[in-house]
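By our numbering, the letter at position 193 of the sequence shown is numbered 439, and the numbering carries on one by one without gaps.
Built from N, CA and C at the ideal position, the CB exists for glycine as well.
Below: the structure, in structure tokens.
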Amino acid sequence: MTRIAFIGLGNMGGGMAANQAKAQHHVMAFDLSAAAVDKAVAAGCHAAASVAEAVADAEVVITMLPAGPHVRAVYGEQVLAHAPRSALLIDCSTIDVESARAVAQQAKAAGFRFADAPVSGGIMAAEAGTLAFMVGCEAADFPAVEAALAPMSRVTIHAGEAGAGQAAKICNNMLLGVSMLGTCEAFALAEKLGLAADRFFEIASKSSGQCWSVSTYCPVPGVGPSTPADHGYEGGFATAMMLKDLKLAQDAAAKAGASTPMGAQAEALYALFDANGFGGKDFSAIIELMRGRLGELR
Ligand code: NAD
247 MTRIAFIGLG NMGGGMAANQ AKAQHHVMAF DLSAAAVDKA VAAGCHAAAS
297 VAEAVADAEV VITMLPAGPH VRAVYGEQVL AHAPRSALLI DCSTIDVESA
347 RAVAQQAKAA GFRFADAPVS GGIMAAEAGT LAFMVGCEAA DFPAVEAALA
397 PMSRVTIHAG EAGAGQAAKI CNNMLLGVSM LGTCEAFALA EKLGLAADRF
447 FEIASKSSGQ CWSVSTYCPV PGVGPSTPAD HGYEGGFATA MMLKDLKLAQ
497 DAAAKAGAST PMGAQAEALY ALFDANGFGG KDFSAIIELM RGRLGELR
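Encoded structure:
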């Protein structure tokens, strides 16, 4: 049994903390939302009244927070001041690379081991304990990080030093955003050319256009494996989340001096889709923008 402090019990963190409790670990759970803490307690965790109380006796601290400023504040103002130096600190939030590196540096200077470990997989994977983790940390610390994440993970991959997990996450999601837009455009054109969607699916998924957005997450209802397209584009990976990750990628590209014209275009298109009120729809719903049929989504 490991003493774990879990901070941030939202859509993702709630299921993740529950899986740590299910694995018989002692989980001290804290969130600004009392309802989120109550839910974690019902799932076997113990309520903490503050970050300080949650981390006071922790062997592992796990955070799952909205964005960079939350992570900087929770570590800078609370975790580093109150956790034992021996505690392994793991931030699983998706945040900017700069914040991840800054927090890692601060933690190291204070004598802690720290990892950024963002996840791939949504709320269902968080609940099922089948998330994929991409980890930025010192190589010597990786086995301990992997073991600590095991009850929540399907696979855990060491990406490199501090910040590398976040770098991997935003590069992967930029690629996903771009490939989904290409997939939507191709299906919309196929339709205009009178090609049946199921025929194009079968051909593209066996040809050089094959990619995850075509074969596994097809944006056309009734085609290929079951996806959010088959459920009115509800559930899945929200457009607002994709937009957040594309913005992180563009910020990182600007700071690193990288040229990412396709990523920039993807950000612009998802911002447009979001601004039209579709931030809550699955990101594959953007096919309706390409088809000129946004009205059908409302
Ligand atoms: P969420 O908004 O549901 O949960 C965040 C939680 O953090 C909230 O319950 C909030 O009250 C809590 N919080 C904020 N500030 C806090 C503080 N100072 N102290 C304690 N608790 C605090 O968000 P989520 O969907 O769980 O996402 C969390 C992270 O995971 C984000 O960075 C997101 O980008 C990433 N992510 C989400 C998904 C997804 O499908 N939802 C998938 C992959 C990655």
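Quick one: is the Cβ of Gly423 within less than 7 Å of any heavy atom of ligand 1?
Every heavy atom of ligand 1 is 7 Å or more from the Cβ of Gly423, so no.
Rounded to the nearest angstrom, how far is the Cβ of Cys338 from that of Met310, given a contact under 8 Å?
Cys338 to Met310, Cβ: 5 Å. Contact.
Find the nearest neighbour of Ala602 within the set Met420, Ala355, Glu384, judged by alpha-carbon distance.
Residue 602 lies beyond the stretch modelled for the chain, which goes from 247 to 544, so this question has no answer here.
At what residues does the beta strand (DSSP E) containing His272 begin and finish?
Run containing His272: 272-276, per the beta strand (DSSP E) assignment.
Going by DSSP, what residues sit across from Ile250 in a beta bridge?
Answer is Val273, Val306, bridged to Ile250.
Taking contact to mean 3 or more Cβ pairs, one atom from each stretch, closer than 8 Å, check whether the region 498-507 and the region 389-401 are in contact.
No: fewer than three Cβ pairs fall under 8 Å.
Report all residues from its chain with a CB closer than 6 Å to the CB of Thr506; omit the five preceding and five following residues, and keep chain order.
Answer for Thr506: Ala499, listed in chain order.
What distance in whole Å lies between the Cβ atoms of Leu494 and Asp342, which are believed to be in contact at a cut-off of 8 Å?
About 5 Å separates the Cβ atoms of Asp342 and Leu494, confirming a contact at the 8 Å cut-off.
Tell me where the beta strand (DSSP E) around Gly382 begins and ends.
Unbroken beta strand (DSSP E) run through Gly382: 377-382.
So if DSSP puts Phe519 in a beta bridge, which residue, or which two residues, is it bridged to?
Its beta-bridge partners do not exist; DSSP assigns none.
In the DSSP output, which residue or residues are listed as bridge partners for His292?
DSSP output for His292 lists Met274 as bridge partner(s).
Simplified DSSP assignment, three categories, for Leu427
Three-state DSSP puts Leu427 in a helix.
Opening and closing residue of the beta strand (DSSP E) in which Thr228 lies
This structure gives no information on residue 228, because the portion of the chain shown stretches from 247 to 544.
Looking only at its own chain, which residues have a Cβ that is under 6 Å from the Cβ of Phe276, when we skip the five neighbours before and after it?
Same-chain partners within the cutoff: Ile253, Ala294, Val297, Ala300.
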